[in-house]
Amino acid sequence: MSGTKNRRGWGWIRKRSSGRYQASYIGPDNVRHFAPTTFEHKIDAEEWLTDERRAIQEAKKALKSVPADRTAVRLDWMSPEQRDVAADESFKSQMTLAEYGEKWITERKLAPRTRIDYQRILKSDIGPKLGSVMVSNLRPAMVRSWFGSMNPTKQKTRANAYTLLNSICKTAVADELLPSNPCMIHGATVVKGKRDAVVPSISEMAVIADKIEAKFKALVLISAWCGLRFGEVTELRRSDIRYVGTNGSAEPGIVAVERGVTHRNDGNGERCHVGPPKSGKTRKVPIPPHIRAAIDQHLQQYVDPDPNALLFKPVRNGCHVSDRVVRDAFRDACEAANVSQMRLHDMRHFAGHQTARVGNLVETMARLGHTTQSASLRYQGMVSGRDVAIADALSELATHKIEPKSPEPS
Numbered sequence: 001m002s003g004t005k006n007r008r009g010w011g012w013i014r015k016r017s018s019g020r021y022q023a024s025y026i027g028p029d030n031v032r033h034f035a036p037t038t039f040e041h042k043i044d045a046e047e048w049l050t051d052e053r054r055a056i057q058e059a060k061k062a063l064k065s066v067p068a069d070r071t072a073v074r075l076d077w078m079s080p081e082q083r084d085v086a087a088d089e090s091f092k093s094q095m096t097l098a099e100y101g102e103k104w105i106t107e108r109k110l111a112p113r114t115r116i117d118y119q120r121i122l123k124s125d126i127g128p129k130l131g132s133v134m135v136s137n138l139r140p141a142m143v144r145s146w147f148g149s150m151n152p153t154k155q156k157t158r159a160n161a162y163t164l165l166n167s168i169c170k171t172a173v174a175d176e177l178l179p180s181n182p183c184m185i186h187g188a189t190v191v192k193g194k195r196d197a198v199v200p201s202i203s204e205m206a207v208i209a210d211k212i213e214a215k216f217k218a219l220v221l222i223s224a225w226c227g228l229r230f231g232e233v234t235e236l237r238r239s240d241i242r243y244v245g246t247n248g249s250a251e252p253g254i255v256a257v258e259r260g261v262t263h264r265n266d267g268n269g270e271r272c273h274v275g276p277p278k279s280g281k282t283r284k285v286p287i288p289p290h291i292r293a294a295i296d297q298h299l300q301q302y303v304d305p306d307p308n309a310l311l312f313k314p315v316r317n318g319c320h321v322s323d324r325v326v327r328d329a330f331r332d333a334c335e336a337a338n339v340s341q342m343r344l345h346d347m348r349h350f351a352g353h354q355t356a357r358v359g360n361l362v363e364t365m366a367r368l369g370h371t372t373q374s375a376s377l378r379y380q381g382m383v384s385g386r387d388v389a390i391a392d393a394l395s396e397l398a399t400h401k402i403e404p405k406s407p408e409p410s
């Protein structure tokens, strides 16, 4: 290490190249111990060493006063590192659930949208009843009382709050603040009566794409036939559409899904967050041939030549096109196609249904960017080399309007 050494009568002080002083000493355990921080002034380093030496001397003095008939008596002394650990454990043991939960959120690597959601759930759903309870005092009866006090008609809210509390308590068990996890309610995370997706037929999807405002036609086609999430498709840039073929006949062949955008109110107004896709992984999705011409036309007509230009411009000032604006246009197009109750995200379900008809499970997961299909298929990898074949097969379904066969009556 660079710096100037200074050997004292007891302990060492080293002047670092930064100009600050580092203090250390050999303890009764024959291990060198360093001060938890460096010091701006040498006198402060000397004072720390003086305090440490005094603590050791007092521990040895107390040991000498122990009666001779007591054997295997340990020196009542703790190293600086041990004291830091003990202080941290003492601090944690006195933390309320609100304090520990905030620390839990802060220490985790979370997407901005997830972090904001967790903070809101902790403050609004968990905090009012359990926030002031010391973590070490949390018991199953308290959790049951809290869960029972929540509005039973808001199943998703209750499930999300319970899931977060359960995760926080798991960490508290690992930190030895709790003997066991107090979240023991069977079925607390189950949401019953969840709305089923509205999946249109291929013909209906074609009508929706034709009837929506022209500037959003490519958005519908990419969502429905490439399976992008709304935040992924609205963050697409010109450079994310990769052309294939020769210069004379090049056409959009690949959509690179490398980012997604989310909007969340973090307490200081709504913020735009651009980051990796929801799955955390980028992917390249072959574009089915039957929609390539429409995407090419959109690029020529609506997208600026700048490689970083958004495929879908915000209607008014803003970072991205508003989901409200697209939703209104989409609803009108659905009405024209006689499709009711369909949401924007249902186009992704349509993509999943059609892809599953021509590809296997792993291929479907790869195309849609799924990291999970179910608990038993968690973390399936992308192992298929048939991406282009799947895109071609999807175009066959669309071109010939091949609908799924209805089951024969038994």
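Numbered by full-length UniProt numbering, the letters in the sequence shown go through residues 1 to 410 in order.
Cβ coordinates follow ideal geometry from the N, Cα and C atoms, glycine included.
Note that the coordinates shown come from a computational prediction; the quantities given were computed from them, not determined experimentally.
Of the residues assessed, Glu232 falls on the buried side of the cut-off, its CB having 16 or more other CB atoms within 10 angstroms.
By the neighbour-count definition (other C-beta atoms within 10 Å, threshold 16), Val85 is an exposed residue. Assigned with DSSP and collapsed to three states, Thr282 falls in coil, not helix or strand. The secondary-structure analysis by DSSP pairs Thr96 across a beta bridge with Met134. Taking C-beta atoms under 8 angstroms as the contact rule, Lys129 and Gln155 fail to qualify, at a distance of about 18 angstroms. Within the region 142–182, the runs of alpha helix (DSSP H) at least 4 residues long that lie entirely inside it are, in chain order, 155–174. Your pair Val199 and Ile222 does not check out as a contact, with CB atoms roughly 17 angstroms apart and the cut at 8 angstroms.
Take the alpha-carbon of Cys183 and the one of Lys15: they are about 52 angstroms apart. Its Cα nearest to that of Ile291, the residue Gly253 stands out among Met347, Val358, Gly253. Bridge partners of Glu251 according to DSSP: Val244. A check of alpha carbon separations from Ser249 across His345, Val220, Pro289 identifies Pro289 as the nearest.
Just so you know, the alpha carbons of Gly148 and Ala141 end up roughly 10 angstroms apart.
Contact between Leu177 and Ser136 is confirmed by a C-beta separation of about 5 angstroms, below the 8 angstroms threshold. Ile212 and Asp332 have their C-alpha atoms some 7 angstroms from each other. Within the same chain, Cβ atoms closer than 8 angstroms to the Cβ of His273 are found at Ala111, Pro112, Arg113, Val261, Thr262, His263, Arg264, the five residues on either side in sequence being excluded.
The continuous beta strand (DSSP E) containing Lys15 extends over residues 12–15. As for any alpha helix (DSSP H) of minimum length 4 sitting wholly inside the region 298–350, the runs are 323–336, ordered along the chain.
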